[in-house]
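Everything in the sequence shown is counted per my numbering, starting at 2 for the first residue and increasing by one.
Quick reminder that beta carbons are idealized off the backbone N, C-alpha and C, glycines included.
From a predicted model like this one, the values you see are computed outputs, not experimental measurements.
Notes follow once the structure below has been shown.
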Amino acid sequence: MLGKELPTGGYLDTCTWTTRRSFRNGLFIYETGKGQIVAENGNYQLIFVSPFCSKNRYKAAPNIIIFSGSLSEEAQALLKKLAAVYLLIAEKYQVSIMEKRSVILRKEFIAALIGSYLETGMIEIGKEKKSVKSLISREFRNFDELFSELKPALLQPYFEATYSKHPRFPQLISRDNIEGEFSSAIRDLINRNGVQSLFGGSKAILSALDLVDQSGQLNTGQSEVVQNILQDAREQNGKNLDVEKLVSKLEQAPYGYDRLMSVFVLVVLTYNGEIALKAAGGKTISSSEVAEVFASGLDAFGNIKYLFIESEINPQPLIEIFIAIGIAPDQAAKLRKNNKRGEAIQDFRTRYLEIKEQCDWVQARLANISMQHWDVVDVNGLKVKHDILSSLPLNDFDGVKTPADLKKIVYPKEQIQTIAEVAQLLQKLVNLYEMYFNQIKTELEYGLKVKQVLHDYPGFIQVDGLEEMLADALAILADAEKLLDPAGRQPLLGKLQQVRKKYQAAYYKEHERCVGSKVDWSRLQTITADQKYKNLVLLKNVRILDKRLFANVENGIINAGNLRCDDFRLEILESEAMCPRCHFPTNFRVDLYQRLNTIEERIAASWKDWESTILNEVSNYKDNIQYLQADEKQEISYILKNGTLPEVITANLVKALNHLFDELEIIELNPKKLMEHLFKESQVLDYYSLERNLNDFKQMLVAG
2 MLGKELPTGG
12 YLDTCTWTTR
22 RSFRNGLFIY
32 ETGKGQIVAE
42 NGNYQLIFVS
52 PFCSKNRYKA
62 APNIIIFSGS
72 LSEEAQALLK
82 KLAAVYLLIA
92 EKYQVSIMEK
102 RSVILRKEFI
112 AALIGSYLET
122 GMIEIGKEKK
132 SVKSLISREF
142 RNFDELFSEL
152 KPALLQPYFE
162 ATYSKHPRFP
172 QLISRDNIEG
182 EFSSAIRDLI
192 NRNGVQSLFG
202 GSKAILSALD
212 LVDQSGQLNT
222 GQSEVVQNIL
232 QDAREQNGKN
242 LDVEKLVSKL
252 EQAPYGYDRL
262 MSVFVLVVLT
272 YNGEIALKAA
282 GGKTISSSEV
292 AEVFASGLDA
302 FGNIKYLFIE
312 SEINPQPLIE
322 IFIAIGIAPD
332 QAAKLRKNNK
342 RGEAIQDFRT
352 RYLEIKEQCD
362 WVQARLANIS
372 MQHWDVVDVN
382 GLKVKHDILS
392 SLPLNDFDGV
402 KTPADLKKIV
412 YPKEQIQTIA
422 EVAQLLQKLV
432 NLYEMYFNQI
442 KTELEYGLKV
452 KQVLHDYPGF
462 IQVDGLEEML
472 ADALAILADA
482 EKLLDPAGRQ
492 PLLGKLQQVR
502 KKYQAAYYKE
512 HERCVGSKVD
522 WSRLQTITAD
532 QKYKNLVLLK
542 NVRILDKRLF
552 ANVENGIINA
562 GNLRCDDFRL
572 EILESEAMCP
582 RCHFPTNFRV
592 DLYQRLNTIE
602 ERIAASWKDW
612 ESTILNEVSN
622 YKDNIQYLQA
632 DEKQEISYIL
642 KNGTLPEVIT
652 ANLVKALNHL
662 FDELEIIELN
672 PKKLMEHLFK
682 ESQVLDYYSL
692 ERNLNDFKQM
702 LVAG
C-alpha cells in the first residue's frame, strides 16, 4: 500500500529491520522516464520501473532497489480494455455499467500485472541483479505483500553496516506503533517515578536505548547518544541548542535514530534534570515540568525548539554515587529537581553517617573475633577486606552539607563503580558480623566444646558424620571469601546446629546408658547389702589383716556410687557439652558393669585371704585362748571346731580375734632393706647362707 505522496515526488515507504526489531523510512518511486527525478529522501529508495518506461533514470545502490519487468500479452489486452472503459465513463456512457465493468477489469489486470512481474521481474541492488523468481518461495496476492518480504532481506545488510549503533529492541517497533510505544514509556516513567516499577515494554525501550544500568536503575551515563547530546549542549557555552539540528544529526549514521527515538531521549534527559527544554514563545521546561507537559505523550514535543544544560551540576553521576552507597533510587531521584536537592543532601548525610558508624562497628566486631576465635576464624582474610574499606572517600562525603557541595562528590564512572563495590563489601561485613554475633558465635562455641570432648574422649560419641560436619563448618569459618558470600556462608549455621543436635542426642543416650536411668543400680545395692560384704566391713578391724585389697573394694563402691546421675534432662546440655553435675565421661574410664564385676571378684578374694589368715593365726595362737573371756572363747572355739569363719561376723568375734593376737607385733617390712641384708656379702648365695642371713634379719626386726 502506497504511503503519503510527497510534493517533491515519490511516496513515503517503510521497511522492517528484523535483526533490530526496528524499521527504516524510505521512498517508493514510480519511474515512468518522464518528469523530474525524485530527490533522495529517507534511508532507502524502491524504484518501480513502469513497463512502458523507455529508459530508467535511476541507478542501483546498496540502499536503492530497482524493480523492473514487462507485461504479458494478456495484461496488455486487459490494460487496453480498462483504458477504454475509463474513457467511456469519462464520456458519461452507461456509467453504472461501465463502473461495474471497471472493477472486474481492474482486479483481472492487477492479477495479470503481478503474474507478469513475478515471471519477468528483475531486482537490482548495489552491483547485484537477480530475477524475482530466484528471491521468492511463494506466490503473492499484491505488490505490498511482495515488497514486505523482499525489502528486509535486500536492505538489511545496508542497514547493519550503515547504522551499526542503532538500538536493538526486544519488542517490535514500527512506523505505525512507535509513537504509541514511546509515549506510553514516557507516561509510565513519569507516573511511576522510577525504572524498577515500570511495565516490561517501557523498561525494554529504556534498556535498548542504554538508559538503564545493570541494576535496572535509570542511568543515562552509559549512553553514547546522551554523551553526544550533552557535549553538543556544553559547546554552546550557555546558548540554546537547536533541537531539530540535533534530531537530524542523530538520524544520520551510525545511530539512525527515528525522530521519536531522539525526542524520547531528550525528554528522559529533561526528566533526569540534565537538560532543560525551551518551547516556542520562550517557556522553559525543566525536570519539574516534565510530568505536566508530557503527561499525554510525546506529541507535546512538537512545540519544543531548543535545549540547554539546566545547571552546572550534572545530576546523573550524583544519582549514580547516591545509589552506589545504598541510597534508595526514589531518594536519589530528588537530585533531578533543584527544589528537592536540599532533601537529597539530608538523605546523603544520613547515609554517610550510617556508613561511618558501620565502618567503626565492623572494626570493633573484628577485634572481638580476633581476641576470642583468632585460631578458628580467618581473621587475616577479613582484615584484608577491612583494608579495602579505606578507599571509601569519607572525607569527601563529610564535606557535602549544601547543594553547592555536591560537586565534591562527582567522580568518574570507574571510581563510582569502585565505591559501589566497597559499599557492598561493607554491607556484606555488616551482615556477616550481625549473623556471627547473633547466631553463629553461640553455636560455634558449643561446637568447639564438642570438638574438645571428642578429642579428650575418642570413640566415646559414635555418630556418623558428626566430626565431618564439624570440620566442614570450621572450614567455612577458616575462609573469609566463603564467610562473606551469603551462598558460601549459608551451610555454616545449619551444620553447627546439626552438630549440636546430633551430639546432644548421642551424649544424652550415652549418659543414661552409662550413669543414668538405664543403669541397673540395684546390683550395686545388692553388693553392699550382701552378708559377705558386711562381714568384711567388720573383719577389716582385725589388726593383723592386710587391708589393701579391701580398701580397693570400698573405694570402688564409693566411686561407682558417685557415678550415679539421676534426673538428667536434655535441656541441661543447652550451654554445656557435658553434664555439669557428674561431668560424664570425665571419671568414666571403665564400664560400670566391669567395675561391679571387679568389686565382686575382690570381695571374694578378700574373704578368702582373710579367712585363710585368721584360720592359720588362730591355730598358731590357740594357747592364748585360755586368757580370753568366756564369750570370746566361744567365738574362737567355733572357728577351731568348724575350720571356717561363721556366716555372720559379729563385733564380738572381731574383739576376740584382736585379744587372741595381742602378743603379735605387726612389723612393717622394707623390701629394699631385706634385699640389701640378704646379699650384703655376695650377690650369689647358697641355701644355707640364705637361711642364715634371713634368720639374722628376723632377729634384727625383733630387736628393733
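Step through the CB atoms of chain B and report whether any lies within less than 8 Å of the CB of residue i.
i, result
"R337", "Of the protein chains in this structure there is only one, and it is not chain B."
Pick out whichever of the options has its Cα sitting closest to the Cα of residue i.
i, options, result
"K240", "S391, Y12, K306, G10", "K306"
"G298", "L155, V385, I191, K82", "I191"
"K246", "P255, I310, A234", "A234"
"D259", "G43, S132, G202, Q347", "G43"
"V133", "R139, E140, M123, R142", "M123"
"L670", "I640, A657, A652, L702", "L702"
"I600", "S613, F662, V543, L537", "L537"
"L433", "G489, N588, D406", "G489"
"N238", "V543, K284, L308, K483", "L308"
"G201", "L210, A186, L212", "A186"
"E633", "L270, K656, D379", "K656"
"K548", "D610, E435, M99", "D610"
"L72", "A85, S103, I115", "I115"
"A507", "I174, L686, V104, F585", "F585"
"L426", "M372, A325, W375", "A325"
"E109", "K82, S683, K429", "K82"
"L525", "A296, A552, A481, N560", "N560"
"H374", "L393, R169, Y447", "Y447"
"Y458", "I528, L550, A578", "A578"
"T614", "C583, L658, Q218, L231", "L658"
"G127", "L155, L278, N621, F148", "L155"
"L629", "Q347, L654, K496", "L654"
Where DSSP assigns a beta bridge to residue i, which residues make up the other side?
i, result
"F24", "T17"
"M123", "S69, S132"
"E313", "According to DSSP, which records beta bridges pairwise, E313 is partnered with nothing at all."
"A61", "The partner list for A61 (beta bridge, DSSP) is empty, contrary to what the question assumes."
"Q46", "L28, I65"
"I1", "Any question about residue 1 goes unanswered here, given that the chain covers just 2 to 705."
"T285", "K279"
"D480", "According to DSSP, which records beta bridges pairwise, D480 is partnered with nothing at all."
"I98", "Partner(s): none; I98 has no beta bridge."
"L242", "L308"
"Y447", "According to DSSP, which records beta bridges pairwise, Y447 is partnered with nothing at all."
"Y12", "E6, F29"
"L173", "Per DSSP, none; premise fails for L173."
"L219", "V213"
Rounded C-beta distance between residue i and residue j? I'm assuming under 8 Å.
i, j, result
"R590", "V554", "So it is not a contact: roughly 18 Å between Cβ atoms."
"R176", "F24", "6 Å"
"L593", "Q505", "That belief does not hold up - the Cβ atoms of L593 and Q505 are roughly 22 Å apart, past 8 Å."
"L242", "S224", "No, L242 and S224 are not in contact; Cβ-Cβ is about 17 Å, not under 8 Å."
By a C-beta neighbour count over all protein chains shown, 10 Å radius and 16 as the cutoff for buried, is residue i buried or exposed?
i, result
"V268", "buried"
"P316", "buried"
"V385", "exposed"
"P647", "exposed"
"D300", "exposed"
"S117", "buried"
"Q332", "buried"
"P255", "exposed"
"P8", "exposed"
"F438", "exposed"
"E692", "exposed"
"G283", "exposed"
"T19", "exposed"
"S683", "exposed"
"G36", "exposed"
Does the contact criterion of 3 or more C-beta pairs under 8 Å hold for the segment 26-43 versus the segment 5-15? yes
Flag this pair as touching only if the segment 365-377 and the segment 317-327 have three or more C-beta atom pairs under 8 Å; answer yes or no. no
Pairs of beta-carbons, one from the segment 436-455 and one from the segment 494-504, closer than 8 Å: are there three or more? yes
Is the segment 555-571 in contact with the segment 517-526, if contact means three or more CB pairs nearer than 8 Å? yes
Okay, do the segment 376-393 and the segment 477-497 touch, 3+ Cβ pairs below 8 Å being the bar? yes
With a threshold of 8 Å, are at least 3 pairs of Cβ atoms found where one atom belongs to the segment 339-354 and the other to the segment 393-404? yes
With three or more C-beta pairs closer than 8 Å as the rule, is the segment 152-169 touching the segment 44-63? yes
Tell me, please, whether the segment 77-96 touches the segment 139-148 by the rule of three or more beta-carbon pairs shorter than 8 Å. no
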